[in-house]
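Participant:
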Amino acid sequence: MKIGLDIGSTTIKCVVLDNNDCIVYQSYERHYSHIVEKSAALVRKLHETLGDSHAVLGISGSAGMGFANACELPFVQEVFATRVAASRFSPDTDVIIELGGEDAKILFLTGGMDVRMNGSCAGGTGAFIDQMATLLKLSADEMNEAALHSEKRYTIASRCGVFAKTDVQPLLNQGAKKEDIAASIYAAVVNQTIAGLAQGRPIEGNVMYLGGPITFLSALKNSFDEALGLTGTLPQNSLYYVALGAALYSDKAFDLDDVAEKLEHYSAAADFVCNPPLFANDAEYENFRARHAKATVPTGTLADARGALDIGIDAGSTTVKLAALDEAGRLVYQSYQPNSGNPVPLVKAVLEDLYRQCPDLVVRSATATGYGEEIIKNAFSLDYGVVETVAHFTAAKHFLPEVDFVIDIGGQDMKCFKVDHGAISDIYLNEACSSGCGSFLQTFAEALGVSVPEFAKLGLFAKRPVDLGSRCTVFMNSSVKQAQKDGASIEDISAGLSLSVVKNALYKVIRTTSPEDLGRNIVVQGGTFYNEAVLRAFEQEMGVAVIRPAIAGLMGAYGAALYGGARAAQQGKNTRSSLLSAADLAAFTHEAKSFTCNGCGNHCQLTLNEFTGGRRFISGNRCEKPLKTGVSQESLNMFAYKRSLLAAYQPVSGPRGKIGLPMGLNMYELLPFWHTFFTRLGFEVVTSPASNRALYLSGQGTIPSDTVCFPAKLMHGHIAALAARDDVPVIFYPCMSYNIDEGLGDNHYNCPVVAYYPEVIAANCRCIASKTFIGDYIGIHYPKVFPHKMTDVLTKYFTGISLAEVKTAAKAAYAEYDTYLARIRAKGTEMIDEARRRNMPILVVAGRPYHLDEETGHGIDQLICSHGAALISEDAVYDRAGKVEVNVLNQWTYHSRLYAAASYVATQPDMNLVQLVSFGCGVDAVTTDEVKEILHRGGKIYTQLKIDEITNLGAVNIRLRSLLAAIGR
């Protein structure tokens, strides 16, 4: 007999083979972190079932190595075990794609053995899918069945197991169908696997799928087949290949009773890195509780409410909260419920309960905030909507008028902001990862079989809180399991996770270098701060006592009620709310329909919500066209103007044939130069089509790095689009170390990605093999030298091009480039003057030229204009400041423009700057801090918008609305 155990991150798989390598026994069960105990029980069961105490035994799996070595049992590395089993049972396989509970891997077996595995993030694995199913209130099987009946796809992040909820939740709030969301989640998993693991290596030939998620979820397998353009094989016993490989490879026999005894007596020494206890003794804890018990609000009941009520509704990412205040400011009604996805029925039920308890209810104001603000406001005819940062600030001021820092940690999101001179200044939101939010702790409490409140209490008096750092929510499971193996108690783990929440907030989201810099008058909010271990950890890390209101989880709704009351008071004593009456609620209906808007190039996936009485709400739009709101501010959108300028460079037939330019990265600024240059030389210049999701996916399989910025990833799609054209024999995409010297910095480099990405394209895009690809190193920063160098380059690929021709073309190209920039500056002046005439807020949106790309920007420019602001780009104003003194090496052309634009904006009372940053941009780690410092010196608010392939603009809208509210707009 041969026994193979695959002890994975979430399950234990077992196979027993006879002498002919046929399976005579197999089992599959979750271990719920009780790895050693479950393994010992399984070995005992095998002895009883098989009736033979001697067998060859091999252990494999991501969680099996530690105790296998300690118990002197043979361990087979899981990748090797998979290959052994594949060679034995599926010898023709070229590629294996395996998804597990917390790990994902791709094995390339032919054309050079290669293994790709997920590293520090477990987004896109089985645990990720489980979390998404929970969010949809579906079982895994129900989610799979729903996906099989989908009609459309949305763009959803799979880069982080928790953060994808930020994309899913607004879709649910807006009424999107669960069938479509489920299918979109599977598509996100596939995209994460292909782009994140394959990293440019083609997945082709005979592809085999392994692991629980693909085995049990047919819709996921279908998504892989669709994305790869093939039909992969799901072999018999696909769950057990690692266990099969361990059984086949091992050759040492053991007595099963001895093995079970070793496992049962295995225990780890308490050898782990730890932190000091949260509380030294009971007295310290009691003082802590007494201090926080003082932050209360006056309360009453509906029965003794005085006057008309002000109602605040906070439709958040995971919960729906309602607070009702009477004229005396007492909290007379409150509700706090988990959000099932669609907040509308929850709010309806709470309002009905209000009317039931108080049939003569008189409402002065009703205000909505949170992710579901717009749909709730429209559904129930609320009077006001307020951005959630303002709602939380309003509530915080009520408890601490001199507050200078507010942090709110909710279920899946984290918000913090500074307060300067009574107004919100810098705003921080978690953007790439939400390890450290409420669901972070909930995930681990559930995994350890403990309720969340009980889990929190366990950590309060832990003697040795584990130092877990701050890692991905899903992936930290491995750290927790390792701590358990090292002897950490559940109390130590609970306290350690509470510390991780705090460290993530301070050092990953806010990225503070010193907690003292954030402020000394601090209000903490959000349901997560009900956890006293988190609250204590935060105070310890900050070195200051903070205010945690008794209604910490209700602060958004409470602030909304205060805000609405203040607005109503300004309108007069007899103000009455337009909130639906009890009779209106009884007749209330809600229908949601999804459709694609083709009014512009965004092609937004919209949801039309229709309510009783003909009220309608359209969500998912990134401009005003589907809303038909009237006059558009398109004329004051510099991004739109620049796109129209670039669109004017159309192909002109020429004797030398067609040459293709990929419309991405620096080509967004240099198109006028290169189009003019090649047109003058007699080429017909063809550009790749406008970016969209399909174009991105067409090049996804050739992207070698998942961490490169999204604009660079898009370039693969542009190259693929040009390569697919039979009439375009040449693609021109040169390496350019330098940009044109504008005299703004210490040097004038392009960033490394912009400068050398043609090398990446040449090495990874096989589609250009049949094309002439010109990716030579070229410099346009020396106009006198350029014609000579360019002639040398061109004569390698073409015949009959003379130096004189190149000189003439170059002269025209430089002139056209200068004219293009001059047009932008002139239009900028015109727009600024017009904005001032209309008394509009002016936002200088500073980023890179390629942020013009509509797939990169996701309609952020239109969103800004929809708020009544004029949008000016940094290249329209940077020349007004000239070279500025900065604290960093100022050697990148685009960075120099940023600093100059920020310096100019800091001197203009009616201007503010918004910095666009591509997720994964390494050099912007420098620019963000420097631009912030420049703006702060001028008394301006720093606002950063981080963008990537994810199209949901919820966090972006929060920041923009908060900025406009802070400047009184």
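Using the working numbering, the first residue of the sequence shown is number 29, and each one after it goes up by one. A virtual CB, placed ideally from N, CA and C, is assigned to each residue, including glycine.
1) Whole angstroms are fine: how far does the CA of P241 sit from the CA of T327?
2) Which residue from C763, L225, D755, A318 puts its Cα closest to that of S798?
3) In whole angstroms, give me the CA-to-CA distance for N47 and K41.
4) Examine the Cβ distances between the stretch 767-781 and the stretch 726-735 and report whether three or more of them are shorter than 8 Å.
5) Any idea if M141 is buried or exposed, counting beta-carbon neighbours within 10 angstroms, 16 or more meaning buried?
6) Helix, strand or coil for Q728 per DSSP?
7) Under a Cβ-count criterion, where at least 16 other Cβ atoms within 10 Å of its own Cβ denotes burial, should K205 be classed as buried or exposed?
8) State buried or exposed for T657, treating a residue as buried only when at least 16 other CB atoms are found within 10 Å of its CB.
9) Answer with buried or exposed for C50, where buried requires no fewer than 16 other C-beta atoms within 10 angstroms of its C-beta.
10) If you compare alpha carbons, which of V107, A132, H895 is closest to L272?
11) Give, in chain order, every unbroken run of the alpha helix (DSSP H) that is at least 4 residues long and sits entirely within the stretch 109-171.
12) With 16 other CB atoms within 10 Å as the buried threshold, where does V680 fall?
13) Give the secondary structure of Y294 by DSSP, where H, G and I count as helix, E and B as strand, and everything else as coil.
14) Using the beta-carbon count (16 or more within 10 Å), is P371 buried or exposed?
15) Please look up how many angstroms separate the CB atoms of L699 and Y669, rounded, as I've assumed it's under 8 Å.
16) May I ask you to report which of helix, strand or coil DSSP gives A620?
17) In terms of alpha-carbon separation, which member of K817, Q470, L267 lies closest to L163?
18) Consult DSSP for P373 and reduce its assignment to one of helix, strand or coil.
19) Does C893 come out as helix, strand or coil in the three-state DSSP assignment?
20) In the DSSP assignment, find the beta strand (DSSP E) that holds A874 and state where it starts and stops.
21) If you draw a straight line from the alpha carbon of A484 to that of S528, how long is it in whole angstroms?
22) If we count the other Cβ atoms within 10 Å of its Cβ and call it buried at 16 or more, is E913 buried or exposed?
23) Of all the options K812, F282, L127, G86, which has the alpha carbon lying nearest to the alpha carbon of V112?
24) Since G554 contacts D436 with CB under 8 Å, what's their CB separation in whole angstroms?
25) CA-CA distance, T324 and E416?
26) Could you check the C-alpha separation between L284 and L199 for me, to the nearest Å?
27) On the CB-based measure, 16 or more other CB atoms within 10 Å of its CB, does P304 come out buried or exposed?
28) Under the three-state reduction of DSSP, which class applies to Q661: helix, strand or coil?
29) Within 10 angstroms of the Cβ of A934, are there 16 or more other Cβ atoms? Answer buried if so, exposed if not.
30) Of all the options L78, K73, D34, which has the alpha carbon lying nearest to the alpha carbon of I63?
31) Between V52 and R564, what straight-line distance do the alpha-carbon atoms span, to the nearest angstrom?
32) R492: buried (16+ other C-beta within 10 angstroms of its C-beta) or exposed?
33) Between the stretch 228-245 and the stretch 161-179, do at least 3 Cβ pairs fall closer than 8 Å?
34) Could you spell out where the beta strand (DSSP E) holding Y364 opens and where it closes?
35) Just how far apart, CA to CA, sit Q661 and G996?
36) What's the call for D195, buried or exposed, on a 16-neighbour Cβ count within 10 Å?
Facilitator: Well, looking at it:
1) T327 and P241: Cα-Cα distance of roughly 50 Å.
2) Looking at the Cα atoms, D755 is the closest of the given residues.
3) N47 and K41 have their C-alpha atoms roughly 20 Å apart.
4) No: fewer than three Cβ pairs fall under 8 Å.
5) Exposed, by the Cβ-count rule.
6) For Q728, the secondary structure class from DSSP, reduced to helix, strand or coil, is helix.
7) The C-beta of K205 has 16 or more other C-beta atoms within 10 Å across all chains shown, which makes the residue buried.
8) The predicted model places T657 with a pLDDT of 48, which falls under 50 and marks its position as unreliable; any figure quoted below should be read in that light. Burial check for T657: the Cβ neighbour count within 10 Å stays below 16, so the residue is exposed.
9) Counting C-beta atoms within 10 angstroms of its own C-beta, C50 has fewer than 16 neighbours from the protein chains shown and is therefore classed as exposed.
10) Residue V107 holds the alpha-carbon nearest to the alpha-carbon of L272 among V107, A132, H895.
11) Counting only runs of 4 or more, we get 154-163.
12) The residue is exposed, with fewer than 16 neighbouring Cβ atoms inside 10 Å.
13) In the three-state reduction of the DSSP assignment, Y294 falls in the coil class, being assigned neither a helical nor a strand state.
14) That one is buried.
15) Contact check for L699 and Y669: beta-carbon distance about 15 Å, past the 8 Å limit, so the pair fails to qualify.
16) In the structure shown, A620 sits in a strand (DSSP, three-state: E or B).
17) Ranking K817, Q470, L267 by CA distance to the CA of L163 puts Q470 first.
18) In this structure, P373 counts as helix in the three-state DSSP scheme.
19) It is helical.
20) Note, A874: beta strand (DSSP E), 870-874.
21) Each residue's alpha carbon lies about 13 Å from the other.
22) Under this definition E913 is an exposed residue.
23) Considering only alpha carbons, the answer is G86.
24) G554 to D436, Cβ: 4 Å. Contact.
25) In this structure, the alpha-carbon of T324 lies about 21 Å from that of E416.
26) Rounded to whole angstroms, L284 to L199 spans 53 Å at the Cα level.
27) The residue is exposed, with fewer than 16 neighbouring Cβ atoms inside 10 Å.
28) At Q661 the pLDDT is 44, less than 50, meaning the model places this residue with poor confidence; the figure from the coordinates comes in the next sentence. Correct three-state label for Q661: coil.
29) Result: buried.
30) Answer by Cα proximity: D34.
31) Their Cα atoms are separated by approximately 54 Å.
32) Within 10 angstroms of the beta-carbon of R492 lie 16 or more other beta-carbons, which makes it buried.
33) Yes, the stretch 228-245 touches the stretch 161-179.
34) Note, Y364: beta strand (DSSP E), 359-366.
35) Low confidence applies to Q661: its pLDDT is 44, below 50, so where it sits in the model is not reliable enough to give any reading.
36) Label assigned to D195: buried.
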